[in-house]
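Below is one structure; the comments refer to it alone.
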Amino acid sequence: VLPLKSAPHQATIVLPSSPSPITTTMSSSRSNLPTGAGTFQPLRHRSGTLRDRLHGYTKQTLGAGGSLNDAVALPPGESCAGWVAVHAIDFYNDVSTIWAVMAEDPYLDSFRPGEGFPSGVEYRWSEGSGRDATTISVSAPVYIEKVLQWIADQINDETKFPDDDDEAEALRVFQTPQFAALCGQIFRRLFRVYGIIYSSFFGTLEALQMAPHLNTCFKHFMFFCTEFGLLPEREMEPLEVLVKPIRKQYHLAKGK
């Protein structure tokens, strides 16, 4: 993250008191997850697996009118690492579905490298690893596409996100330090995508009547991140005006 000259953030949202789901078409297999309008298919958790069972807790809680605090809380007896893993996928699906609505808008091509980010920062993209790693300046829409493709690649890698019948093996992977670091990076990058969307594309989504869904998804995401401490304070600073009231709602509902 590169700091720029700070300026007041102007985005204003009305936070929903309860989640309102959006209907999407789920893929029936573990195929690649393309981005772009008309091509994106959310990843479905295969029936009977650990991921599917954990995913079901959230659906049942929200479907029964439960609170977001209840929806993000770790179910009794379940693995915290597995819970975070499933939500990394579900939140990726949320963000990708929102972005797919406008991903082919010609307006996106008008952004130059370094443009379209939240006030005060520029997110740069790293290519390669180790000594071959390079950091490049890209536009905000290109950054979003790169983030979503990168996350899709991680999710589709069975060695990183197992989705088989062997729960013990899945939990072994989910509980490794490497997986914890990977999930931390996924959640930070998803937060940055939300930051870009609110900073540069909220008006577009509002015109498409997608703003309520965006707000619901972001609130759910922030409740979960707050519950498990997944985002560093410094990471949230560019969206403080949006994050602060959501976190306040979370703590009030928790009685803290």
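Every letter in the sequence shown is one number past the one before it in our numbering, and letter 48, counting from 1, is 750. For every residue, glycine included, the Cβ atom is placed at its ideal position computed from N, Cα and C.
- Gly897 has its alpha-carbon roughly 14 Å from the corresponding atom of Arg826.
- Taking a 10 Å sphere around the C-beta of Ile800, we find 16 or more other C-beta atoms and assign the residue as buried.
- With fewer than 16 other CB atoms across the displayed protein chains lying within 10 angstroms of its CB, Ile838 is exposed.
- For Ala775, the CB contacts under 7 Å within the same chain, skipping 5 residues up- and downstream, are Glu929 in chain order.
- Of all alpha-carbon atoms in Leu932, Val875 and Leu892, the one lying nearest the alpha-carbon of Phe920 is that of Leu892.
- No Cβ-Cβ contact shorter than 8 Å links Val786 with Pro815.
- Ser821 is positioned such that its CB atom lies no closer than 8 Å to that of Ser902.
- Ala773 and His922 have their C-alpha atoms roughly 9 Å apart.
- Here the stretch 882 to 891 lies against the stretch 847 to 867, with 3 or more beta-carbon pairs under 8 Å apart.
- Proximity to Cys927 across His789, Ser769, Gly784 and Pro777 peaks at His789, based on C-alpha coordinates.
- Contact check for Val803 and Leu941: beta-carbon distance about 21 Å, past the 8 Å limit, so the pair fails to qualify.
- Taking C-alpha positions only, Ala872 is separated from Glu780 by approximately 13 Å.
- In the structure shown, the three-state DSSP call for Thr878 is coil.
- Judged by DSSP in its simplified three-state form, Val823 adopts strand.
- Ser828 sits in a strand when the DSSP states are folded into three classes.
- Beta-bridge partners of Thr837 (DSSP): Ser828.
- Counting along the chain, the unbroken alpha helix (DSSP H) around Lys956 starts and ends at Glu942 to Lys956.
- Runs of the alpha helix (DSSP H) lying entirely within the stretch 875 to 927, each at least 4 residues long, are 879 to 898 and 904 to 909 in chain order.
- Within the same chain, Ala835 and Thr837 come within 6 Å of Ser828 by CB-CB distance, once the 5 residues on both sides are set aside.
- Apart from sequence neighbours up to five positions away, the residues of its chain that approach Phe863 with a beta-carbon distance below 6 Å are Ile857, ordered along the chain.
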